[in-house]
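Below you'll find the structure, written out as structure tokens, and then a few comments.
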Amino acid sequence: MVAELLNELQTKGITLTVDGDKLHYKGPRGALTPELIEGLRERKAEIISLMQCGWCKVPLAGPVNS
């Protein structure tokens with residue numbers, strides 16, 4: 017579930033940003049495990065959709081999990 021993934025990212029100090037159709041992350045070195053990377057890949061479209069305004073498709077200000 018996306019909410020659980022985003023919660024785990026927040027717990028590990030990882031923030032996400034969107035640039036067009038690209039999802040970027042920032043966090044402590046080693047915090048993003050292979051399992052989390054796979055989760056981000058599997059749910060990329062859903063995460064990007066959550067981070068954008070549904071009407072205008074403009075990215076929301078700030079990280080999704082702040």
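Numbering (our numbering), first residue to last: 17 to 82. A virtual CB, placed ideally from N, CA and C, is assigned to each residue, including glycine.
Within a 10 Å sphere around the beta-carbon of Ile53 sit fewer than 16 other beta-carbons, which makes this residue exposed. When C-alpha distances from Ile64 are compared across Met17, Val34 and Thr49, the shortest belongs to Val34. Taking all protein chains shown into account, Gly36 has fewer than 16 neighbouring C-beta atoms within 10 Å of its C-beta and is therefore exposed.
Here Gly29 is exposed. Its C-beta has fewer than 16 other C-beta atoms within 10 Å.
Burial of Gly55 is indicated by the presence of at least 16 other C-beta atoms within 10 angstroms of its C-beta.
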